[in-house]
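S.K.: Residue numbers (the numbering used here), protein chains in the order written: chain L, 766 to 1407; chain W, 29 to 203. Ideal Cβ placement from N, Cα and C applies to all residues, glycine included. Every value quoted in this text rests on a predicted model; they were computed, and no experiment measured them.
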Ligand SMILES: Nc1ncnc2c1ncn2[C@@H]1O[C@H](COP(=O)(O)OP(=O)(O)OP(=O)(O)O)[C@@H](O)[C@H]1O
Ligand SMILES: [Mg+2]
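#1: What are the boundary residues of the alpha helix (DSSP H) that residue 1229/L is part of?
#2: Within the structure, which residues are defined as neighbours of ligand 1 by a Cβ-heavy atom distance below 5 Å, reported in chain order?
#3: What are the residues of the stretch 783-812 of chain L that lie near chain W, defined by any Cβ-Cβ distance shorter than 7 Å?
#4: Return helix, strand or coil for residue 1109/L, following the three-state DSSP convention.
#5: Label residue 904/L either buried or exposed according to how many other C-beta atoms from any shown protein chain fall within 10 Å of its C-beta, with 16 as the threshold for buried.
#6: Check whether chain L comes within 9 Å of residue 155/W, counting only Cβ atoms and requiring the distance to be less than that.
#7: Is the Cβ-Cβ distance between residue 995/L and residue 1068/L less than 9 Å?
#8: So, do the stretch 1082-1099 of chain L and the stretch 1112-1120 of chain L have three or more beta carbon pairs nearer to each other than 8 Å?
#9: Answer yes or no: the CB of residue 192/W versus the heavy atoms of ligand 2, is any distance below 8 Å?
#10: Of all the residues that make up the stretch 826-849 of chain L, which are near chain W by a beta-carbon distance shorter than 7 Å?
#11: Does the beta carbon of residue 956/L fall short of 8 Å from some heavy atom of ligand 2?
#12: Compare the Cα-Cα distances from residue 178/W to each of 74/W, 50/W, 58/W and 192/W and report the closest residue.
#13: Would you say residue 897/L faces chain W, with C-beta separation under 9 Å as the test?
#14: Which residue's Cα is closest to the Cα of residue 1305/L: 1294/L, 1325/L and 1090/L?
#15: Rounded to whole angstroms, what's the CA-CA distance from residue 1205/L to residue 836/L? Just pull it up for me.
#16: Is the Cβ of residue 1021/L closer than 9 Å to any Cβ of chain W?
#17: Give the straight-line distance between the Cα atoms of residue 794/L and residue 899/L, rounded to the nearest whole angstrom.
#18: For the 8 Å Cβ check, are there 3 or more pairs between the stretch 66-86 of chain W and the stretch 169-176 of chain W?
#19: Could you pull the start and end residues of the alpha helix (DSSP H) that residue 1004/L belongs to?
#20: For residue 190/W and residue 149/W, what's the separation of their Cα atoms in angstroms?
#21: Ignore the nearest five residues each way along the sequence and tell me which others in residue 1160/L's own chain have a CB closer than 6 Å to its CB.
#22: Sort 1229/L, 916/L and 862/L by Cα distance to residue 1261/L and report the nearest one.
#23: Where does residue 826/L fall in DSSP's three states?
#24: From residue 1362/L to residue 1327/L, what distance separates their C-alpha atoms?
#25: Thinking residue 878/L and residue 925/L are a contact (beta carbons under 8 Å), I'd like their distance in whole angstroms, please.
#26: Could you give the distance in angstroms between the alpha-carbon of residue 1101/L and the alpha-carbon of residue 952/L?
#27: Using a Cβ cut-off of 9 Å, which residues of the stretch 77-97 of chain W contact any Cβ in chain L, in chain order?
#28: Taking 8 Å as the cut-off, is the beta-carbon of residue 893/L closer than that to any non-hydrogen atom of ligand 2?
#29: Any residues in the stretch 1187-1219 of chain L with a beta carbon nearer than 7 Å to a beta carbon of chain W? Which ones, in chain order?
#30: Alpha carbon to alpha carbon, how far is residue 850/L from residue 832/L?
#31: Identify the contact partners of residue 189/W in chain L, using a Cβ-Cβ distance below 7 Å as the criterion.
#32: List, in chain order, every chain L residue whose beta-carbon is nearer than 8 Å to that of residue 185/W.
#33: Residues in the same chain with beta-carbon distance under 6 Å from residue 1056/L, minus the five sequence neighbours each way, listed in chain order, please.
#34: Going by DSSP in three states, residue 967/L sits in which element: helix, strand or coil?
#35: Using 8 Å for Cβ pairs, my map puts residue 997/L next to residue 1018/L. What's the rounded Cβ distance?
#36: Taking only three categories from DSSP, how would you classify residue 1158/L?
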């Protein structure tokens, strides 16, 4: 039985661990380091360099040295985040035919998954050297905020590297796993992970060997890289003041500055002052220039203060989503190299009101958790179950562009949920399922993950067909959506892979603005509901009129037709009250038909009850109420494809 | 909570299989044997790895302190260079020279060896490029043309790479 390795595929550094003799161990690479820089370089001879070696030659080869690839994986080239990131990356980011962000190295395009695969291969090799046997299976971690396409791309990377990825797990969950194995009592834990490129905070509950993620929050674009950037900007500024030369335009100088900035930052975690010393940083007519600048801890803390403060909001949200206060958290766990910074530790201590747990090596704990999970899957570790949550709400678009939720955010996964929907038009033979992710009421404010059509429905009046839409999120957080026509048992499904990724901005927009826009969204939704109601009434009355119009007098018929016209007119506008009034008038007028029919049936002696003003069968009027049957916006596929 | 987690995790199909599937003593024995063999193999491998780990640990135990001591040597060498340039050779300079030599020899006894770099092709395995310049007349491209800090090996590992300036391809410098 082969070993399963656990890999923390980080933005800055990657780390691999394995269960050995019942305990997780971090494996050092050939160079003797326990973490490997997530850097890939391609030389002019086409040779691939990975890790420290790639980092060392970066300056001679900046366009062909790829770092922070995790910022691009599973994202679209046109997304704001990619454009923002590529401004700072010395290598070329291009758009693949499908819109994904790719990188171009020496005229050849590589997907971020391919680049990540090179890093994974190195981690695989590290493990194989240590074990003396081939390794084919792995558990890989991703930030809690990674959406489906980012997870999928990470999985692809594993596959390209020759690894079967048994699980993709969230980094904070892995960290808690590493932590929870030691202490198996009931506890509520906050995991604060500030790494090289991402910030995650999670609230977990541990008890009985069961891990449960109660909530997650974070910032996919906040990490040590930003701290380095701040220090770099400051150095550039100081140098400009001093020498009048702008180093920003000099790529080579920037490379050196980046390394020096990080070194200074790390140094200042243990000392109060450091000197940044970069001889021959540049040259002008007057000869070579050297950069020699002193930086104190206090000054650095001032430079990055707002970055550290930016971690507070996500902490607050995570707590409120989990429905707990800071006081109710039993233990706080620090993860990520940045949590070695004293100021960060202080903030966490102040926020949670307790001393954070630092007993674990912060940049290895995620890999250790992944290794343990590998052991769990191989049966080496018993009594540990892993439960993650989905970070955003999932649902579909229904009539009037309303977002109908199927799986709420922070639902523990794996999970499955289904609901019955129907058609919006008579004789409709196809429906489009638009799968969305987000927190807003209206479909258009959320993110489309993908869509598909279910065709070949037998023609029927609207509201009649029963279409079961089911969502299934597997343990890796990958979403499968299926739609089934109950009459014909016809089924269509997608596994959402090619979706465009959700960037941090969008997540923010969804989670934050969902609250900010709550009132406005509610109004919009109300309007849609009122419109749907009006539409249904018109439909019902017209049908009734067509079938039983001959049973009422000419005047009544004309009156009803006028009211229908009035309701249609009202529907052209967006005045909620006007639509409501017109609908009411229509209902009132249409009752005449019912009355007449009652009279007749009473006269005929038959006991069948007449329809009320609405009429129509399976009347799904009040979409959004807790009815089993809800209208879905299933327009004819060829008519309106969005 | 426990029920829920068991239902939703890997043991999903357990419910169906569990109930009537009769486990014969032969099955039990086979499982136990498998587990035993597996454990035995794992233990053997663990022993081998532990031995290797320990050997490595001893071999590289001094890595960190040796690395830190290198900066002291750097500064001693800088001082020497400066003195030689401006003060010529006097007794003190000679003394420092001997101390440096002594230092390098001591390190070498503990497995620390200098990495050559000047004039050699740039090799990221042992060189850290800190600057790239245009290759001048007579300089082969992609070679080390200046060494800012010496690099050292500790046994088979790079204790610290040499900090070097590399001559780039003939006219590919800055942009
Ligand atoms: N002693 C230290 N003091 C301050 N920062 C440190 C220290 N050691 C490492 N770091 C910083 O930690 C960051 C790397 O952390 P880590 O290895 O946990 O990130 P990662 O897992 O690669 O990133 P991510 O989790 O965002 O994908 C780098 O920015 C590094 O500079
Ligand atoms: Mg990390």
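M.R.: On the basis of the supplied data:
#1: As a position in the first chain, residue 1229/L is number 464, starting the count at 1. In this chain, residue 1229/L is not harboured by any alpha helix (DSSP H), its DSSP state being neither H nor E.
#2: Contact residues of ligand 1 (beta-carbon closer than 5 Å to any heavy atom; chain order) are 775/L, 776/L, 777/L, 778/L, 960/L, 961/L, 962/L, 963/L, 988/L, 989/L, 1027/L, 1031/L, 1034/L, 1101/L, 1102/L, 1103/L, 1105/L, 1106/L and 1128/L.
#3: Those would be 785, 786, 796 and 797, in chain order.
#4: Along the first chain, one-based indexing puts residue 1109/L at 344. Three-state DSSP puts residue 1109/L in a helix.
#5: Looking up residue 904/L in the first chain gives position 139. Its Cβ being crowded by 16 or more others within 10 Å, residue 904/L is buried.
#6: Counting from one through the second chain, the residue named residue 155/W turns up at place 127. It does: the Cβ of residue 155/W has a partner Cβ on chain L nearer than 9 Å.
#7: For this step, residue 995/L is matched to residue 230 along the first chain. For this step, residue 1068/L is matched to residue 303 along the first chain. Yes, the pair counts as a contact, with Cβ atoms nearer than the cut-off.
#8: Counting Cβ pairs under 8 Å, three or more are found: they touch.
#9: Looking up residue 192/W in the second chain gives position 164. No, since every heavy atom of ligand 2 falls outside the 8 Å radius drawn around the Cβ of residue 192/W.
#10: For the stretch 826-849 of chain L, the beta-carbon criterion of a distance under 7 Å to any beta-carbon of chain W is satisfied by none of its residues.
#11: Residue 956/L sits at position 191 when you count from the first residue of the first chain. No.
#12: One-based indexing of the second chain puts residue 178/W at position 150. Closest by C-alpha distance to residue 178/W, out of 74/W, 50/W, 58/W and 192/W, is 192/W.
#13: Indexing the first chain from 1 puts residue 897/L at position 132. For residue 897/L, the nearest CB of chain W lies under 9 Å from its own CB, placing it at the interface with that chain.
#14: Counting from 1 along the first chain, the entry for residue 1305/L is found at position 540. With respect to the C-alpha of residue 1305/L, the residue from 1294/L, 1325/L and 1090/L having the closest C-alpha is 1325/L.
#15: The count along the first chain starts at 1 and reaches residue 1205/L at position 440. The count along the first chain starts at 1 and reaches residue 836/L at position 71. Taking the straight line from one Cα to the other gives about 26 Å.
#16: One-based indexing of the first chain puts residue 1021/L at position 256. The beta carbon of residue 1021/L sits closer than 9 Å to some beta carbon of chain W.
#17: Counting from 1 along the first chain, the entry for residue 794/L is found at position 29. Counting from 1 along the first chain, the entry for residue 899/L is found at position 134. Rounded to the nearest angstrom, the two C-alpha atoms are 16 Å apart.
#18: Output reads no: the stretch 169-176 of chain W does not touch the stretch 66-86 of chain W.
#19: By one-based count along the first chain, residue 1004/L stands at place 239. Residue 1004/L -> alpha helix (DSSP H) spans 989-1008.
#20: Residue 190/W sits at position 162 when you count from the first residue of the second chain. Residue 149/W sits at position 121 when you count from the first residue of the second chain. Within the model, the alpha-carbon separation for residue 190/W versus residue 149/W is close to 13 Å.
#21: Counting from 1 along the first chain, the entry for residue 1160/L is found at position 395. Within the same chain, and ignoring the five residues on either side of residue 1160/L in sequence, the residues whose Cβ sits closer than 6 Å to its Cβ are 1168, 1169, 1170, 1171 and 1201.
#22: As a first step, residue 1261/L must be located in the first chain, where it is residue number 496. Per the C-alpha coordinates, the member of 1229/L, 916/L and 862/L positioned closest to residue 1261/L is 916/L.
#23: Here residue 826/L is taken as the residue at index 61 of the first chain, counted from 1. If DSSP states are grouped into helix, strand and coil, residue 826/L belongs with coil.
#24: Stepping through the first chain from its first residue, residue 1362/L is reached at position 597. Stepping through the first chain from its first residue, residue 1327/L is reached at position 562. Rounded to whole angstroms, residue 1362/L to residue 1327/L spans 21 Å at the Cα level.
#25: Taking the first residue of the first chain as position 1, residue 878/L is located at position 113. Taking the first residue of the first chain as position 1, residue 925/L is located at position 160. Distance from residue 878/L to residue 925/L at the Cβ level is roughly 6 Å; contact confirmed, criterion being Cβ atoms closer than 8 Å.
#26: Translated into positions along the first chain, residue 1101/L becomes position 336. Translated into positions along the first chain, residue 952/L becomes position 187. The straight-line gap separating the alpha-carbon atoms of residue 1101/L and residue 952/L is approximately 22 Å.
#27: Within the stretch 77-97 of chain W, the residues whose Cβ lies closer than 9 Å to some Cβ of chain L are 77, 78, 80, 81, 84, 88 and 91, listed in chain order.
#28: Residue 893/L sits at position 128 when you count from the first residue of the first chain. Result no, Cβ not under 8 Å from ligand 2.
#29: Listed by position along the chain: nothing, the set is empty.
#30: Along the first chain, one-based indexing puts residue 850/L at 85. Along the first chain, one-based indexing puts residue 832/L at 67. Counting only the Cα atoms, residue 832/L lies some 11 Å from residue 850/L.
#31: Mapped onto the second chain, residue 189/W falls at position 161. Under a criterion of Cβ atoms nearer than 7 Å, the residues of chain L adjacent to residue 189/W are, in order, 821.
#32: Walking along the second chain from the start, residue 185/W turns up at place 157. Chain L residues near residue 185/W: 796 and 797.
#33: Working through the first chain from its first residue, we reach residue 1056/L at position 291. The residues are 1004, 1043 and 1046.
#34: For the purposes of this step, residue 967/L is taken as residue 202 along the first chain, with counting starting at 1. Strand, per DSSP.
#35: Sequence index remark: in the first chain, residue 997/L carries index 232 (1-based). Sequence index remark: in the first chain, residue 1018/L carries index 253 (1-based). Contact doesn't hold; Cβ gap of about 10 Å is too wide.
#36: Locating residue 1158/L in the first chain gives position 393, where the first residue counts as 1. Reduced to three states, the DSSP call for residue 1158/L is coil.
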